[in-house]
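All the letters of the sequence shown, read from the start, carry residue numbers 1 to 91 under my numbering.
Reading through the structure tokens given below for one structure.
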Amino acid sequence: MNNLNKEEVSRYVDLDSCNYVIDVDMSSTEFEPNFRNMSDKWMVLASHPFIDVSKSSGFAGLLRAFYIPYFSEKVNKMTTYTLYRRIIIEK
1 MNNLNKEEVS RYVDLDSCNY VIDVDMSSTE FEPNFRNMSD KWMVLASHPF
51 IDVSKSSGFA GLLRAFYIPY FSEKVNKMTT YTLYRRIIIE K
């Protein structure tokens with residue numbers, strides 16, 4: 001079991017074998033494409049806001065637990081978790 005929340009590379013699968021992908025909307029890298037820019041291959045099924053702690057203020061930890069109108073929006077920076085489904089094109 002992975003009770004230490006460590007990366008387990010042995011659990012990775014090739015993207016070509018996936019019909020569904022959950023992605024956090026961050027900048028793309030060599031190893032993680034930006035699915036938002038691949039609308040010809042992936043369709044959005046659901047998308048939900050998510051606090052991006054790395055871009056939020058130092059108060060973000062406190063303001064994640066307690067919502068304070070106006071102030072929370074100014075301090076917390078948001079990104080999204082998105083569920084994509086592969087677009088299958090019949091040949």
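In this text, a Cβ means the ideal position worked out from N, Cα and C, and glycines have one as well.
Here the structure is a predicted model, which means the values were calculated and not measured.
Quick one: using the 10 Å Cβ neighbour count with 16 as the cut-off for buried, is F35 buried or exposed? buried
Candidates L45, N76, E73, P69: which alpha carbon is nearest Y20's? Comparing Cα-Cα distances from Y20 to each of L45, N76, E73, P69, the minimum goes to L45.
For S72, the first and last residue of its enclosing alpha helix (DSSP H): 71 to 75
Please say whether P49 and T80 have beta carbons closer to each other than 7 angstroms? yes
Roughly how many angstroms separate the alpha carbons of I68 and I51, rounded to a whole number? 14 angstroms
Kindly identify the DSSP beta-bridge partner or partners of S147. A query on residue 147 cannot be resolved here, the shown segment of the chain reaching from 1 to 91 and no further.
Inter-residue CB distance, Y84 and M43 (contact presumed, cutoff 8 angstroms): 7 angstroms
Look up F35 in the DSSP assignment and say whether it is helix, strand or coil. helix
Please classify D16: is it buried, with 16 or more other beta-carbons within 10 angstroms of its beta-carbon, or exposed? exposed
When the distance is taken between beta carbons, is K74 closer than 7 angstroms to S56? no
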